[in-house]
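Engineer: Handing you this structure, nothing more for now.
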Amino acid sequence: DAKTTQPTSMDCAEGRAANLPCNHSTISGNEYVYWYRQIHSQGPQYIIHGLKNNETNEMASLIITEDRKSSTLILPHATLRDTAVYYCIVRVSGTYKYIFGTGTRLKVLA
Amino acid sequence: EPEVTQTPSHQVTQMGQEVILRCVPISNHLYFYWYRQILGQKVEFLVSFYNNEISEKSEIFDDQFSVERPDGSNFTLKIRSTKLEDSAMYFCASRAGTSGQETQYFGPGTRLLVL
């Protein structure tokens, strides 16, 4: 099973870019990397996903290394409302279930 | 924007009672999931459902649990005889399942408290 490793916590100043790293060295060649966040105990909220190329949407950018063993989620201008636990997920090969890790608790500071 | 909805938002029950948690997945989605999160712990996969049958389940999903899609819109999780350790947030998720549309979208959750 592809596993991910993320820092336990990070702080970011409001208005600055938040860069959240994730290691997924055992990812399979055709597996996507997904990013979700969870604010308090709400349902995980989809942010972005990617395979090989860098991706950008209205919420964030995703940078995936060429060897695909790691990725970085970038929130370009973090706000207080971005304070949440951020999960990097690689879908279990051959299935569609998500295996959540402990994620990174991002605190955006005023 | 379409979203997954869940009812009730909170449920309190006595140990040994049956509970049914309800979910309305996003319309036209074909794959449905239940996850749970015990307070302070990780989100854990319980079961996936497609074409009116379970496609995958975890070790947690024992005989006390069942899922059903009783009509074209609802997806339910039943716990037959609740235990104290079933207290958790339960999240429903759905995905379209069509090519290029594999992202799962989660509902807001049902907080279950077993006394």
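As they're listed, the protein sequences go chains D and W. For the first sequence, the positions run 453 to 562 when our numbering is used. For the second sequence, the positions run 5 to 119 when our numbering is used. We treat Cβ as the ideally placed atom computed from N, Cα and C, and that holds for glycine.
Under the three-state reduction of DSSP, which class applies to W:E89: helix, strand or coil?
Structural biologist: DSSP places W:E89 in helix when its eight states are reduced to three.
Engineer: Is it the case that the stretch 493–507 of chain D contacts the stretch 11–29 of chain W, given that we only count it when at least three CB pairs across the two stretches are under 8 Å?
Structural biologist: No, they do not touch.
Engineer: Assuming the contact rule is C-beta atoms closer than 8 Å, D:Y539 and W:S52 should be a hit. Round their C-beta distance to whole Å, please.
Structural biologist: D:Y539 to W:S52, Cβ: 18 Å. No contact.
Engineer: State buried or exposed for W:S98, treating a residue as buried only when at least 16 other CB atoms are found within 10 Å of its CB.
Structural biologist: Counting Cβ neighbours within 10 Å, W:S98 comes out buried, since at least 16 surround it.
Engineer: For a test of the three-state rule: what should DSSP assign to W:D66, helix, strand or coil?
Structural biologist: It is coil, neither helix nor strand.
Engineer: Considering only DSSP beta bridges, list what W:Y54 is partnered with.
Structural biologist: Beta-bridge pairing links W:Y54 to W:Y35, W:E57.
Engineer: Short of 8 Å in beta carbon distance, which residues of its chain neighbour D:S461, apart from the five on each side in sequence? Order them along the chain.
Structural biologist: These residues qualify, in order along the chain: T556, R557, L558, K559.
Engineer: Applying a beta-carbon distance threshold of less than 8 Å, which residues of chain W neighbour D:Q494?
Structural biologist: P112, G113, listed in chain order.
Engineer: For D:M511, tell me which candidate among D:I499, D:L561, D:D463 has the shortest Cα-Cα distance.
Structural biologist: The shortest Cα separation from D:M511 among D:I499, D:L561, D:D463 belongs to D:I499.
Engineer: Does D:D463 come out as helix, strand or coil in the three-state DSSP assignment?
Structural biologist: In this structure, D:D463 counts as strand in the three-state DSSP scheme.
Engineer: Does DSSP classify W:R84 as helix, strand or coil?
Structural biologist: Three-state DSSP puts W:R84 in coil, outside helix and strand.
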